[in-house]
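Colleague: The numbering used here runs 10 ahead of the 1-based position in the sequence shown. First the structure, which I've put down as structure tokens, then a few questions once you've had a look.
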Amino acid sequence: MKVKQDSIEIIARTVKVNPDNGLTTSQIVKNREQYGENIFEETTKETLFQKVCHHLVEVMNLILIGTAVFSFILALQTPDEGYVKSIVILSIVIINISVSIFQEGKADNALSALKKLSAPNSVVLRDGKKETIQSEELVVGDIIYLNVGDQIGADIRLIQANSLQIDESSLSGESIPIEKDPSLEFAKEMPLGDQLNMAFSGTNVLNGNGLGIVVAVGAESQMGQIASLLVCQKKDKTPLQKRIDRLAKRLAILAFLAGALIFIINTLTSSVPLVENLMTAVILGVAAVPETLPVIVTLSLIYGMENMARKQAIIRNIPAVETLGSASVIASDKTGTLTQNKMVVKRLWVLHEEVKTVDDKTNWSRADRQLVDYMALASNATAELNEEDQWVVHGDPTESAIIQLLGKLAGTKGELETKFKRVLELPFDSSRKKMTTVHQLDQGYLVLTKGAFDRLTDNLHNEAAFKQADAASIHDQFAKDALRVLALSYKVIDHLPTEGNEPELEVGQTFYGMIGIIDPPRLESARAVAEARKAGIKPIMITGDHLLTATAIAKELDIYRSGDLVMTGIELEKIIDSELEEKIDQISVYARVSPENKIRIVKAWQQKGQVVAMTGDGVNDAPSLKAADVGTAMGIAGTEVAKSASDIVLADDNFETIVKAISEGRRVYGNIKKTIYYLLSANVAEIIIMLLAAVVGWGMPLNGLQLLFINVLADGIPGFGLSREKAESGIMLEPPVGMDESLFSRGGYRRIVTAATTFTVTSLAAFYLGSFVDLGTIAPSLAVGQTMTFLVLSISSTVHIFVARSNKPLIKAGLRENTMIFWTAVFSLLLTVTVALVPGLAAVLGLVPLGLVHWTIVSGLSSYILVVVELEKYILQRMGRRFIA
Ligand code: ATP
Numbered sequence: 011m012k013v014k015q016d017s018i019e020i021i022a023r024t025v026k027v028n029p030d031n032g033l034t035t036s037q038i039v040k041n042r043e044q045y046g047e048n049i050f051e052e053t054t055k056e057t058l059f060q061k062v063c064h065h066l067v068e069v070m071n072l073i074l075i076g077t078a079v080f081s082f083i084l085a086l087q088t089p090d091e092g093y094v095k096s097i098v099i100l101s102i103v104i105i106n107i108s109v110s111i112f113q114e115g116k117a118d119n120a121l122s123a124l125k126k127l128s129a130p131n132s133v134v135l136r137d138g139k140k141e142t143i144q145s146e147e148l149v150v151g152d153i154i155y156l157n158v159g160d161q162i163g164a165d166i167r168l169i170q171a172n173s174l175q176i177d178e179s180s181l182s183g184e185s186i187p188i189e190k191d192p193s194l195e196f197a198k199e200m201p202l203g204d205q206l207n208m209a210f211s212g213t214n215v216l217n218g219n220g221l222g223i224v225v226a227v228g229a230e231s232q233m234g235q236i237a238s239l240l241v242c243q244k245k246d247k248t249p250l251q252k253r254i255d256r257l258a259k260r261l262a263i264l265a266f267l268a269g270a271l272i273f274i275i276n277t278l279t280s281s282v283p284l285v286e287n288l289m290t291a292v293i294l295g296v297a298a299v300p301e302t303l304p305v306i307v308t309l310s311l312i313y314g315m316e317n318m319a320r321k322q323a324i325i326r327n328i329p330a331v332e333t334l335g336s337a338s339v340i341a342s343d344k345t346g347t348l349t350q351n352k353m354v355v356k357r358l359w360v361l362h363e364e365v366k367t368v369d370d371k372t373n374w375s376r377a378d379r380q381l382v383d384y385m386a387l388a389s390n391a392t393a394e395l396n397e398e399d400q401w402v403v404h405g406d407p408t409e410s411a412i413i414q415l416l417g418k419l420a421g422t423k424g425e426l427e428t429k430f431k432r433v434l435e436l437p438f439d440s441s442r443k444k445m446t447t448v449h450q451l452d453q454g455y456l457v458l459t460k461g462a463f464d465r466l467t468d469n470l471h472n473e474a475a476f477k478q479a480d481a482a483s484i485h486d487q488f489a490k491d492a493l494r495v496l497a498l499s500y501k502v503i504d505h506l507p508t509e510g511n512e513p514e515l516e517v518g519q520t521f522y523g524m525i526g527i528i529d530p531p532r533l534e535s536a537r538a539v540a541e542a543r544k545a546g547i548k549p550i551m552i553t554g555d556h557l558l559t560a561t562a563i564a565k566e567l568d569i570y571r572s573g574d575l576v577m578t579g580i581e582l583e584k585i586i587d588s589e590l591e592e593k594i595d596q597i598s599v600y601a602r603v604s605p606e607n608k609i610r611i612v613k614a615w616q617q618k619g620q621v622v623a624m625t626g627d628g629v630n631d632a633p634s635l636k637a638a639d640v641g642t643a644m645g646i647a648g649t650e651v652a653k654s655a656s657d658i659v660l661a662d663d664n665f666e667t668i669v670k671a672i673s674e675g676r677r678v679y680g681n682i683k684k685t686i687y688y689l690l691s692a693n694v695a696e697i698i699i700m701l702l703a704a705v706v707g708w709g710m711p712l713n714g715l716q717l718l719f720i721n722v723l724a725d726g727i728p729g730f731g732l733s734r735e736k737a738e739s740g741i742m743l744e745p746p747v748g749m750d751e752s753l754f755s756r757g758g759y760r761r762i763v764t765a766a767t768t769f770t771v772t773s774l775a776a777f778y779l780g781s782f783v784d785l786g787t788i789a790p791s792l793a794v795g796q797t798m799t800f801l802v803l804s805i806s807s808t809v810h811i812f813v814a815r816s817n818k819p820l821i822k823a824g825l826r827e828n829t830m831i832f833w834t835a836v837f838s839l840l841l842t843v844t845v846a847l848v849p850g851l852a853a854v855l856g857l858v859p860l861g862l863v864h865w866t867i868v869s870g871l872s873s874y875i876l877v878v879v880e881l882e883k884y885i886l887q888r889m890g891r892r893f894i895a
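Quick look at the structure:
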């Protein structure tokens, strides 16, 4: 729609909206039909055909298809060989690709559902009422409010703007905020950067506020037009996925070398046909790579994200799942995260009077009552009576406490504002930590400043009286009792300051008094702090509040322990980096910090090799959230800008949720390690079995197809179930996993060696017995030996999953907790037995019928892995160690 450059009246008429009332419900539907929905075409969504192609060109599949073609050509020349071998190889490739595409599809669906949870919101006027909706639901014609920290949801023609500054770097790359001016009108289409009467989708409000009409949504918006470029960007792999890729490559090289060696030995020593020998060597090379591993890792990460979302932690970046597992420091703010954000005024004090409590108002003076009125006048929170005659307060929780107290004293903000009309405001911001309002008097103006005690007392008119009254020690007493303190000073002026001279309003004021507000810690915070400590994670508090208030709460929660250091932002600015790094282990509370201080704290911890999870909510917190390893934004109190800079959004703003997410991150990481050990055990065993047998001149224990079957179907499929495995019980009693810690640390090698050795011994025993020992009914032969080896390795690598999944002994691990493992293992076992018993299939895989004695031996050898791993667990437990650490 080409209305952007027009005047507001023309636009409003065109899109059929009354700017004072917003769109009507029926017009919303019509405009959505006419101008489209506010969604971008997801051009990256692959079709099924593309997905199949994608998998087909993977090296392993290409080699297998090449092998199938090769055996097809051979079959053409020697018709008695048949084409079945090619068909079987292709079937295995097809099953493998289908399982992968199915699992990836599930992962994609889960991911888009999760993305919706953290989608940005917009505040609109519809049918005369203010509403918060998901930005995706915006339609052309919507009247939309813009506020500091908002991420703009569509292209907007501005109607109003108060000091509105927008960061358009996401759109234009220009990093300097643009000051908007709705009064401008252009006769012709202007370049994007000059359209100062517009605000664009995907950009961020850094300052001020405004109002506008949505003029373009979805693909029509400026962002929509470049979105197709953005969504086409390659998906980045997580660090863990990259490490696994590297591991797989190394293993492939190893397997190919082993394959080449086996080929040479067998060509020189055995009578196996050259073609068969070559095929086995090649298939060993490809099949020894656990190629289902990457898909299992993705699934584990996404399943972890779903679990975290259920626990109120919404992950915005997949790698955060694994980084969380490694978090070793949680730097949390106080208000609302560690505390309940349910603020109540408890005490007040007016200069030259006694401290009074709110619970007992009998001894209150007129000045005490006046303090509440002044505090309320200098607040932006509002209150209204709901249908049940109860006060519903809107706005900042600190100010809500004041408005509630005013209500209890039978006052209303409306009354006060009629009496003392507000004519000017210097807004609150977390760096100034104070705000000022100016009110019309019969003669002159009343200036009220409310804010942090230490920010109000710099420039007082009545400084001597203030000092004599020992205001500072009263403040400190409030703060030591964990009260959040707001002070108030005032002055009367004759004229309003001229433009640009507003800061002088805050100079030369008279101190009036202060209030102490209680914001009790959340009940669950202390528990979560204790859990974090046990898990080797250091909790620290970083707050804008006063040092004493912060320390009092930190003590209650055991974040601060005796002997710890506490530091204010100003003190922090005075020390150099090396000094900070030296002391940082002991500092548990940082108070009165600025956003810049936060970045320094994060960097200092990172310098010491720690992985930092940091919380934040304001626009200014975005840089420190980006700098932290796990930037965590508040879902309720957080701005969209903070959310979009973060890796996780806490839907409930709760500290305990971070700890729960860390525990989930550890579970995911643990399961990925279990999967790696489980799959690698069989792969490593195959390489050794083939090599050893070749070296001692026994011939080939397994042919290419058998190897392929074992890797893709016998252990590849049950491996998927490990992504669903529950957390080990002591998961939060171990120290965090170092970011550079090897995937095989904490007993990983031991587990692979035990399982691979067991597989090797049992498989070679089966091969020897079948090939060389007369077991009665059927004469020993290479084919009998191979059949027994195939069955033993296939069955034992499938059943291995039942012991590899948990620290608990087999009988206690419980199958019902993870039915996916049970059913996939049953499926793999049935497949194995079927190919062995159905004559047509058996012939293709080179399997021959066995006697009862052979089957009994196969069963015994296949269950051996269960006995060995259970024994390993038992011995480790007796030694005070854990199988899975
Ligand atoms: P955090 O959420 O980081 O733990 P905080 O919410 O306590 O900290 P700020 O919002 O920066 O941090 O508040 C710091 C100080 O500013 C408070 O201790 C209080 O004295 C003062 N303050 C807070 N809100 C207001 C307000 N609405 N008006 C005036 N002063 C305020």
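Glycine residues also receive a C-beta, built at the ideal position from the N, C-alpha and C atoms.
1. From the DSSP output, in three-state form, read off I569 for me.
2. Taking contact to mean 3 or more Cβ pairs, one atom from each stretch, closer than 8 Å, check whether the region 706 to 717 and the region 669 to 680 are in contact.
3. Quick one: does the C-beta of H810 sit closer than 7 Å to a heavy atom of ligand 1?
4. Using a Cβ distance threshold of 8 Å, determine whether the region 415 to 426 contacts the region 123 to 140, with at least three qualifying pairs required.
5. Please classify T787 as buried or exposed, where buried requires at least 16 other C-beta atoms within 10 Å of its C-beta.
6. Quick check: does the Cβ of E827 come within less than 7 Å of any heavy atom belonging to ligand 1?
7. Note down, in chain order, each residue of its chain lying with its Cβ closer than 7 Å to the Cβ of V305, except the 5 sequence neighbours on either side.
8. By DSSP, does K3 sit in helix, in strand, or in coil?
9. Cβ-heavy atom distance between V659 and ligand 1 below 7 Å?
10. At the level of alpha carbons, what is the spacing between M200 and V224?
11. At what residues does the beta strand (DSSP E) containing A601 begin and finish?
12. Quick check: the Cα distance between V878 and L871, rounded to an integer number of angstroms?
13. Out of curiosity, what's the CA-to-CA distance linking L58 and A540?
14. Roughly how many angstroms lie between the CA atoms of S807 and V722, to the nearest whole one?
15. Anyone know if the C-beta pair for D627 and G641 falls short of 8 Å?
16. Can you tell me where the alpha helix (DSSP H) holding H64 begins and where it ends?
17. Assess, as a yes-or-no matter, whether the region 565 to 574 is touched by the region 531 to 540 under the definition of 3 or more beta carbon pairs within less than 8 Å.
18. Does any heavy atom of ligand 1 sit closer than 7 Å to the C-beta of T896?
19. Cβ-heavy atom distance between H556 and ligand 1 below 7 Å?
20. Is any heavy atom in ligand 1 found nearer than 7 Å to the beta carbon of K266?
21. Please report how far the alpha carbon of I18 lies from the alpha carbon of S185, in whole angstroms.
22. Starting from A632, trace the alpha helix (DSSP H) both ways and give me its first and last residue.
23. Going by C-alpha to C-alpha distance, which of S389, R379, E43 sits closest to P407?
24. Between G523 and ligand 1, is the CB less than 7 Å from at least one heavy atom?
25. Between G220 and K190, what straight-line distance do the alpha-carbon atoms span, to the nearest angstrom?
26. Taking the beta carbon of D750 as the centre, do at least 16 other beta carbons fall within 10 Å, making it buried, or is it exposed?
27. Kindly indicate which residue of A489, T764, I699, K501 has the alpha-carbon position closest to the one of N469.
28. Let's see if you can read the secondary structure: which residues bound the beta strand (DSSP E) around F521?
29. Would you kindly work out how many angstroms separate the C-alpha atoms of F430 and H449, rounded to a whole number?
30. For I698, collect the residues of the same chain with a Cβ closer than 6 Å to its Cβ; drop the 5 residues on either side in sequence, then sort them by chain order.
31. For N817 and R760, what's the separation of their Cα atoms in angstroms?
32. Which stretch, first to last residue, makes up the alpha helix (DSSP H) that contains P249?
33. Mind checking who E435 pairs with in its DSSP beta bridge?
34. Among K544, I107, G645, which has the Cα closest to the Cα of I324?
35. Taking the DSSP output, what are the residues bridged to M208?
36. Helix, strand or coil: which one does DSSP assign to K245?
Modeller: Reading off the structure:
1. In the sequence shown, residue 569 corresponds to position 559, counting from 1. Correct three-state label for I569: coil.
2. Contact annotation: the region 706 to 717 does not touch the region 669 to 680, with fewer than three C-beta pairs closer than 8 Å.
3. Looking up residue 810 in the sequence shown gives position 800. The closest heavy atom of ligand 1 lies 7 Å or more from the beta carbon of H810.
4. No: fewer than three Cβ pairs fall under 8 Å.
5. Position 777 of the sequence shown holds residue 787. The residue in question, T787, is exposed, as its Cβ has fewer than 16 Cβ neighbours within 10 Å.
6. Looking up residue 827 in the sequence shown gives position 817. Proximity of the beta carbon of E827 to ligand 1 is not indicated: no heavy atom of the ligand is located closer than 7 Å.
7. For the purposes of this step, residue 305 is identified with residue 295 of the sequence shown, where counting begins at 1. Cβ within range, chain order: S110, Q113, E114.
8. Since the first and last residues shown for the chain are 11 and 895, residue 3 lies out of range.
9. Taking the sequence shown and counting its residues from 1, one reaches residue 659 at position 649. Checking every heavy atom of ligand 1 against the Cβ of V659, none is found closer than 7 Å.
10. Indexing the sequence shown from 1 puts residue 200 at position 190. Indexing the sequence shown from 1 puts residue 224 at position 214. Roughly 18 Å separates the two Cα atoms.
11. Reading the sequence shown from its first residue, position 591 is the one you call residue 601. Note, A601: beta strand (DSSP E), 597 to 601.
12. Residue mapping note: residue 878 aligns to position 868 of the sequence shown, counting from 1. Residue mapping note: residue 871 aligns to position 861 of the sequence shown, counting from 1. The C-alpha of L871 is placed about 11 Å away from the C-alpha of V878.
13. The residue labelled residue 58 in the question sits at position 48 within the sequence shown. The residue labelled residue 540 in the question sits at position 530 within the sequence shown. Distance from the CA of L58 to the CA of A540, rounded to the nearest whole angstrom, comes to 49 Å.
14. Mapped onto the sequence shown, residue 807 falls at position 797. Mapped onto the sequence shown, residue 722 falls at position 712. Whole-angstrom Cα-Cα distance: 11 Å.
15. In the sequence shown, counting from the first residue as 1, residue 627 sits at position 617. In the sequence shown, counting from the first residue as 1, residue 641 sits at position 631. For D627 and G641, no; Cβs fall outside 8 Å.
16. Taking the sequence shown and counting its residues from 1, the one referred to as residue 64 is at position 54. Element bounds for H64: 58 to 66.
17. Put simply, the region 531 to 540 touches the region 565 to 574. At least three CB pairs are less than 8 Å apart.
18. This structure does not reach residue 896, given that the chain is present from 11 up to 895, and the question cannot be answered.
19. For this step, residue 556 is matched to residue 546 along the sequence shown. At least one heavy atom of ligand 1 is nearer than 7 Å to the Cβ of H556, so yes.
20. Residue mapping note: residue 266 aligns to position 256 of the sequence shown, counting from 1. The identity of residue 266 in the sequence shown is Phe, whereas the question assumes Lys. False, no ligand heavy atom lies under 7 Å from that Cβ.
21. Start at 1 with the first residue of the sequence shown, and residue 18 comes out as number 8. Start at 1 with the first residue of the sequence shown, and residue 185 comes out as number 175. When rounded, the distance between both Cα atoms is 28 Å.
22. For this step, residue 632 is matched to residue 622 along the sequence shown. Start and end: 632 to 637.
23. The residue given as residue 407 occupies position 397 in the sequence shown. Ranking S389, R379, E43 by Cα distance to P407 puts S389 first.
24. Translated into the one-based positions of the sequence shown, residue 523 becomes position 513. With a cutoff of 7 Å, G523 does not count as near ligand 1, since its C-beta is closer than that to no heavy atom of the ligand.
25. As a first step, residue 220 must be located in the sequence shown, where it is residue number 210. As a first step, residue 190 must be located in the sequence shown, where it is residue number 180. So the alpha carbons of these two residues sit roughly 9 Å apart.
26. Looking up residue 750 in the sequence shown gives position 740. D750 comes out exposed.
27. As a position in the sequence shown, residue 469 is number 459, starting the count at 1. Measuring from the Cα of N469, the nearest candidate turns out to be K501.
28. Within the sequence shown, residue 521 is the residue found at index 511, counting from 1. Start and end: 520 to 528.
29. Here residue 430 refers to the residue found at position 420 when the sequence shown is read from its first residue. Here residue 449 refers to the residue found at position 439 when the sequence shown is read from its first residue. For F430 and H449, the distance between alpha carbons rounds to 5 Å.
30. Taking the first residue of the sequence shown as 1, we reach residue 698 at position 688. Correct list, in chain order: T770.
31. Against the sequence shown, residue 817 aligns to sequence position 807. Against the sequence shown, residue 760 aligns to sequence position 750. Distance between the alpha carbons of N817 and R760: 14 Å.
32. Working through the sequence shown from its first residue, we reach residue 249 at position 239. Counting along the chain, the alpha helix (DSSP H) containing P249 begins and ends at 249 to 279.
33. Sequence index remark: in the sequence shown, residue 435 carries index 425 (1-based). Under DSSP, the beta-bridge partners assigned to E435 are T447.
34. On the sequence shown, position 314 is the one that residue 324 refers to. Sorting K544, I107, G645 by C-alpha distance to the C-alpha of I324 places G645 at the top.
35. Locating residue 208 in the sequence shown gives position 198, counting from the first residue. Assignment of beta-bridge partners to M208 by DSSP yields R167.
36. Along the sequence shown, read from residue 1 onward, the residue named residue 245 stands at position 235. Its pLDDT being 48, under 50, K245 is placed unreliably in this model, and the value from its coordinates should be taken loosely. Looking at K245 - three-state DSSP - the assignment turns out to be coil, as it is neither helix nor strand.
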